[in-house]
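*Asks:* In this text, residue positions in the sequence shown follow our numbering: the first is 201, and each later residue adds one. Ideal Cβ placement from N, Cα and C applies to all residues, glycine included. Predicted model only: the values in this text are computed from it and were never measured.
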Amino acid sequence: MAEFQEEGRRPSGNEYLAVFAIIMAGVVAIAALSTRPAIPADPAGIVSPMIAMFALTAVVWLLMVIARNGAVLLGGASLKYFRDYETEPPSEWIERPARAFNNLMQVPTLFYVVLLLMIAFHNADALQLSLAWMYVASRSVHAAIYILFNYVPFRFAVYAVSCITLAIMWARFALSL
201 MAEFQEEGRR PSGNEYLAVF AIIMAGVVAI AALSTRPAIP ADPAGIVSPM
251 IAMFALTAVV WLLMVIARNG AVLLGGASLK YFRDYETEPP SEWIERPARA
301 FNNLMQVPTL FYVVLLLMIA FHNADALQLS LAWMYVASRS VHAAIYILFN
351 YVPFRFAVYA VSCITLAIMW ARFALSL
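(1) Nearest CA to the CA of T287: which residue from Y359, S278, E295?
(2) Relative to the alpha-carbon of L317, which residue among L256, A244, S362, L217 has its alpha-carbon at the smallest distance?
(3) What runs of the beta strand (DSSP E), each 3 residues or longer, lie entirely inside the region 288–331?
(4) Between the C-alpha atoms of E203 and F349, what's the straight-line distance to the nearest angstrom?
(5) Does DSSP classify P353 as helix, strand or coil?
(6) How big is the Cα-Cα spacing for A326 and K280?
(7) Spell out a yes or no on whether the region 363–375 and the region 267–278 are touching, meaning 3 or more CB-CB pairs, one atom from each, closer than 8 angstroms.
(8) Is it the case that the region 330–350 contacts the region 287–297, given that we only count it when at least three CB pairs across the two stretches are under 8 angstroms?
(9) DSSP on P240, reduced to helix/strand/coil?
(10) With DSSP run on the structure shown, which of helix, strand or coil describes S340?
(11) Which residues in the same chain as W333 place their Cβ atom closer than 6 angstroms to its Cβ, once the five residues preceding and following it in sequence are excluded?
(12) Return helix, strand or coil for Y285, following the three-state DSSP convention.
(13) Cβ of L233 within 9 angstroms of Cβ of L331?
(14) Quick one: Cα of I251 to Cα of L304, how far?
(15) Taking DSSP as the reference, what is the three-state secondary structure of A277?
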């Protein structure tokens, strides 16, 4: 992985090709899901992906707490850093779970909103449920990439797949009204 972490290095053509392949695989998966008939889903069933998304967020939060506190206890980070987030910054890997956690507080809020609207409007179908699970899966992979090795091209590709999935969920919901 060392070659992936070189500072200032621009991604190669092969890396861009890999990013494109990951995004296209996501689009193909969405297209395959879209061939299913629009079978109504139990609105209570749409809560399961929300719970899974919350569980992912909780796990990442726990990793953040462990990484930060462990780093302070073992001398890998200073309390001064956590006062102003500028003085004596720790190694980048210590803050990865915190960055992943912050990321889970951003776009996923739109995921929760669209699922709550589907429940409120009795507008959940099997495809939306499958897309919701695809969103949770892609966000889980994104968090794992971010925390474990932070390879930006792959992280971006999986993030793009999650955003495309969410956009399709919103479009399907809006068009069904």
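*Replies:* Short version:
(1) Ranking Y359, S278, E295 by Cα distance to T287 puts S278 first.
(2) Checked all of L256, A244, S362, L217; the closest Cα to L317 is A244.
(3) Look at the region 288–331 and you find no whole run of beta strand (DSSP E) that is 3 residues long or longer.
(4) Low confidence applies here, because E203 scores a pLDDT of 47, under 50, leaving its location unreliable and the question unanswered by this model.
(5) DSSP places P353 in helix when its eight states are reduced to three.
(6) Going from the Cα of A326 to the Cα of K280 covers about 50 angstroms.
(7) The region 363–375 vs the region 267–278: no contact.
(8) Touching, yes, given that three or more Cβ pairs across the two stretches are closer than 8 angstroms.
(9) Annotated three-state conformation of P240 is strand, per DSSP.
(10) In the structure shown, S340 sits in a helix (DSSP, three-state: H, G or I).
(11) In its chain, beyond the 5 residues on either side, P249 have a beta carbon closer than 6 angstroms to the beta carbon of W333.
(12) Taken through DSSP and simplified to helix, strand or coil, Y285 comes out as coil.
(13) Result yes, Cβ atoms of L233 and L331 sit closer than 9 angstroms.
(14) Here the C-alpha atom of I251 lies approximately 14 angstroms from the C-alpha atom of L304.
(15) Residue state, collapsed to three classes: coil.
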